[in-house]
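Colleague: Residue numbering for the sequence shown follows my numbering, beginning at 24 and increasing consecutively. Glycine included, C-beta positions come from ideal geometry on N, C-alpha and C. This is the structure, below, for whatever I ask next.
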Amino acid sequence: MGLMRFGKRRSHLIGSFLAKIIRPGKQKQQPSNNLAGIFAGNWQFVDENNSRIHHLHISLDLSISLDGRSLPGSVLNLNEKELVFLDTYGYHLRIDAIDEHPISVYDEADDRVYQLTPCDSTNL
Numbered sequence: 024m025g026l027m028r029f030g031k032r033r034s035h036l037i038g039s040f041l042a043k044i045i046r047p048g049k050q051k052q053q054p055s056n057n058l059a060g061i062f063a064g065n066w067q068f069v070d071e072n073n074s075r076i077h078h079l080h081i082s083l084d085l086s087i088s089l090d091g092r093s094l095p096g097s098v099l100n101l102n103e104k105e106l107v108f109l110d111t112y113g114y115h116l117r118i119d120a121i122d123e124h125p126i127s128v129y130d131e132a133d134d135r136v137y138q139l140t141p142c143d144s145t146n147l
């Protein structure tokens with residue numbers, strides 16, 4: 024009886040495997056390998072409290088610098104709509120994107136959202 028169960032299970036597994044080869048079902052969508060490319064670049068935003076323009080650089084390895092200074096921390100979440108970064112002080116930066124273009128950055132330390140605009144790297 025044990026051999027019979029093993030034989031049925033084995034034939035079921037082989038049949039399932041062949042069915043997927045012969046008529047593949049809906050494939051799982053693979054995440055884009057270039058999600059970092061959505062956010063990478065040079066951006067600027069204005070702090071209206073002090074009328075200061077800040078420059079944000081995000082590299083393809085998702086390292087972040089603000090006004091030319093490296094911001095130590097780690098990426099917590101990355102998808103086509105947001106990049107969430109946790110700095111070493113425990114505050115989050117969330118960069119939001121629409122249609123694969125970053126539009127804003129939320130700074131938890133200030134509890135403020137800043138609108139992002141692309142900037143020329145030569146002006147940094």
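If you draw a straight line from the C-alpha of phenylalanine 40 to the C-alpha of valine 107, how long is it?
Modeller: Reliability of the predicted coordinates at phenylalanine 40 is poor, the pLDDT of 41 falling under 50, and no value is obtained from them.
Colleague: Could you say which of Tyr129, Phe62, Leu89 lies nearest to leucine 116 if we only look at CA atoms?
Modeller: Comparing Cα-Cα distances from leucine 116 to each of Tyr129, Phe62, Leu89, the minimum goes to Tyr129.
Colleague: Nearest-angstrom Cα distance between tyrosine 112 and alanine 59?
Modeller: Distance between the alpha carbons of tyrosine 112 and alanine 59 is about 23 Å.
Colleague: Which same chain residues, not among the five before or five after histidine 77, have their C-beta less than 7 Å away from its C-beta?
Modeller: For histidine 77, where only same-chain residues beyond five positions count, the Cβ hits under 7 Å are Gln67, Phe68, Asp70, Leu89, Asp90.
Colleague: With which residues is threonine 140 paired in a DSSP beta bridge?
Modeller: Looking at the DSSP assignment, threonine 140 forms a beta bridge with Gln67.
Colleague: By DSSP, does glycine 96 sit in helix, in strand, or in coil?
Modeller: The answer is strand: DSSP assigns glycine 96 an E or B state.
Colleague: What does serine 88 pair with, by DSSP beta-bridge criteria?
Modeller: DSSP, once it has assigned bridges, lists His80, Ser93 as partnering serine 88.
Colleague: Considering Cα atoms alone, identify which of Glu131, Arg135, Ile126 is closest to proline 141.
Modeller: The shortest C-alpha separation from proline 141 is found at Ile126.
Colleague: Quick one: Cα of asparagine 102 to Cα of glutamate 131, how far?
Modeller: One C-alpha to the other measures close to 19 Å.
Colleague: Please confirm whether leucine 94 and aspartate 110 have their CB atoms less than 7 Å apart.
Modeller: Their beta carbons are under 7 Å apart, which means leucine 94 touches aspartate 110 by this criterion.
Colleague: Leaving out five residues before and five after aspartate 119 in sequence, what residues of the same chain have Cβ atoms less than 8 Å from its Cβ?
Modeller: Counting only Cβ-Cβ distances below 8 Å, and skipping sequence neighbours, we find Lys104, Glu105, Pro125, Ile126, Ser127, Val128, Tyr129.
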